[in-house]
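K.L.:
Numbering (the working numbering), first residue to last: 12 to 317.
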């Protein structure tokens with residue numbers, strides 16, 4: 012089956028495949044853990060600060076409209092600039108969710124909401140599912156404008172979500188509503204604001220399996236990003252050759268004035284090794300996708316060296 016999937020993927024021009032699932036199992040098909048998957052903080056409803064008496068909430072939630080789509084995409088793109096690997100948020104997808112979240116019976120629809128300040132200005136957005144599968148109501152995206160004080164926004168936001176969670180459809184076996192979860196990746200400003208006082212549980216990320224059948228071709232495809240990062244580094248307009256051994260094969264990269272001119276398969280001579288770095292097979296993908304740093308890989312794998 013995997014051979015058929017990979018053949019189809021190649022025919023469609025895909026340079027990489029990703030899958031989530033059983034630990035270790037997919038390594039036999041050439042996959043390596045190379046991207047974080049998930050990461051979550053949970054707060055118990057009993058920990059949510061109460062509002063001041065007779066004072067209106069400084070921040071509230073409302074349903075998103077199609078007019079909010081540019082702001083949502085802008086804030087999403089601002090966050091994803093921090094990631095080496097990300098996917099675009101399509102306006103058509105948002106439009107579909109905004110139009111259908113409360114009129115369809117599809118359980119994987121999402122409720123897109125806008126965060127408002129006291130003056131009624133839209134300052135951010137969040138994304139929650141339309142059903143609850145367990146004791147927690149989870150937030151899967153939450154972004155605010157850069158000038159907004161997240162510490163001031165979070166308490167009224169938690170209170171609003173606590174009210175929503177009471178009315179969210181619960182699937183059989185979900186149990187009582189007890190928690191609000193923030194599934195926002197490994198790091199996020201919300202996690203810093205929650206701190207230890209409001210964090211009941213911290214769930215570390217799992218990982219995506221990634222397969223790159225032709226690494227030189229993939230490197231040629233992402234050359235603009237590599238060149239941009241090189242220009243922003245102390246090596247700037249580097250010219251030279253980099254040979255990387257993967258023990259059962261390898262890579263040869265040629266740079267001219269900070270531009271990647273050549274990326275090809277290469278193999279270190281058996282009796283006159285000339286590589287500049289070495290990685291066990293597939294481990295190089297962890298570095299390529301930013302999953303682990305070079306120092307982390309050298310610590311974990313004695314046969315990684317530069």
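Just so it is clear, CB atoms sit at the ideal spot from N, CA and C, and this is done for glycine as well.
Since I believe residue 261 is in contact with residue 277 (beta carbons under 8 angstroms), could you give me their beta-carbon distance rounded to a whole number of angstroms?
P.N.:
Confirmed, about 5 angstroms.
K.L.:
Please classify residue 44: does DSSP put it in a helix, a strand, or coil?
P.N.:
Here residue 44 sits in strand by DSSP.
K.L.:
If we count the other Cβ atoms within 10 Å of its Cβ and call it buried at 16 or more, is residue 46 buried or exposed?
P.N.:
Buried is the call here.
K.L.:
Which one of 156, 316, 152 has the shortest CA to CA distance from residue 135?
P.N.:
Nearest of 156, 316, 152 to residue 135, Cα basis: 156.
K.L.:
Skipping 5 residues on each side, what residues in its chain have a beta carbon closer than 8 angstroms to that of residue 225?
P.N.:
Here the set comprises 26.
K.L.:
Report yes if the CB atom of residue 15 is closer than 8 angstroms to the CB atom of residue 220, and no otherwise.
P.N.:
Taking 8 angstroms as the Cβ cut-off, residue 15 and residue 220 do not qualify as a contacting pair.
K.L.:
How is residue 140 classed by DSSP in three states: helix, strand or coil?
P.N.:
Residue 140 falls in the strand class under three-state DSSP.
K.L.:
Nearest by alpha-carbon distance to residue 331: which of 190, 142, 174, 195 is it?
P.N.:
Residue 331 is absent from the structure shown; the chain starts at 12 and stops at 317.
K.L.:
Check residue 226 in the structure and name its three-state DSSP category.
P.N.:
Looking at residue 226 - three-state DSSP - the assignment turns out to be helix.
K.L.:
Which same chain residues, not among the five before or five after residue 173, have their C-beta less than 7 angstroms away from its C-beta?
P.N.:
So the qualifying residues of the chain are 56, 59, 191.
K.L.:
Please classify residue 33: is it buried, with 16 or more other beta-carbons within 10 angstroms of its beta-carbon, or exposed?
P.N.:
Looking at its Cβ environment, which holds fewer than 16 other Cβ atoms inside 10 Å, residue 33 is exposed.
K.L.:
Considering only residues of the same chain and omitting the five flanking positions on each side of residue 64, which have a CB-CB separation below 8 angstroms?
P.N.:
Hits under 8 angstroms: none found.
K.L.:
Go to residue 88, then tell me how far its alpha helix (DSSP H) extends in each direction, as first and last residue.
P.N.:
Start and end: 80-91.
K.L.:
Please name the residue or residues paired with residue 241 in a DSSP beta bridge.
P.N.:
For residue 241, which the question treats as bridged, DSSP gives no partner whatsoever.
K.L.:
Leaving out five residues before and five after residue 159 in sequence, what residues of the same chain have Cβ atoms less than 7 angstroms from its Cβ?
P.N.:
Result list for residue 159: 134, 135, in chain order.
K.L.:
Let me know if residue 24 comes out buried or exposed under the rule of 16 or more other beta-carbons within 10 Å of its beta-carbon.
P.N.:
By the neighbour-count rule (16 or more Cβ atoms within 10 Å), residue 24 is not buried but exposed.
K.L.:
Could you pull out every residue in the same chain whose Cβ sits closer than 8 angstroms to the Cβ of residue 204, ignoring the five residues on either side in sequence?
P.N.:
The answer, listed in chain order, is 161, 162, 165.
K.L.:
Distance, Cα to Cα, residue 131 vs residue 48?
P.N.:
If you take the alpha carbons of residue 131 and residue 48, they lie about 35 angstroms apart.
K.L.:
Thinking residue 274 and residue 235 are a contact (beta carbons under 8 angstroms), I'd like their distance in whole angstroms, please.
P.N.:
About 13 angstroms; that fails the 8 angstroms criterion.
K.L.:
With DSSP as the reference, identify every bridge partner of residue 27, one or two as the case may be.
P.N.:
Residue 27 pairs with nothing; no bridge assigned.
K.L.:
Between residue 292 and the rest of its own chain, which residues show a CB-CB distance below 7 angstroms, the 5 nearest in sequence each way excluded?
P.N.:
If we look at residue 292 and ignore the five residues flanking it on each side, its Cβ neighbours are 257, 258, 259.
K.L.:
What is the rounded straight-line gap between the Cα of residue 301 and the Cα of residue 83?
P.N.:
If you take the alpha carbons of residue 301 and residue 83, they lie about 26 angstroms apart.
K.L.:
Spatial neighbours of residue 89 within its chain, please: C-beta separation below 8 angstroms, excluding the five flanking residues on both sides.
P.N.:
Around residue 89: 154, 157.
K.L.:
Please report the straight-line C-alpha distance between residue 272 and residue 52, rounded to a whole angstrom.
P.N.:
Cα-Cα distance, rounded: 44 angstroms.
K.L.:
Which partner residues does residue 55 have in the DSSP bridge list?
P.N.:
190, per the DSSP bridge assignment.
K.L.:
When you compare the stretch 102-111 with the stretch 171-187, are there three or more beta-carbon pairs, one atom per stretch, that lie closer than 8 angstroms?
P.N.:
The stretch 102-111 vs the stretch 171-187: no contact.
K.L.:
Should residue 286 be labelled buried (16 or more other beta-carbon atoms within 10 Å of its own) or exposed?
P.N.:
Label assigned to residue 286: buried.
K.L.:
Check each candidate in 100, 129, 123 and name the one with the smallest Cα separation from residue 111.
P.N.:
Answer by Cα proximity: 123.
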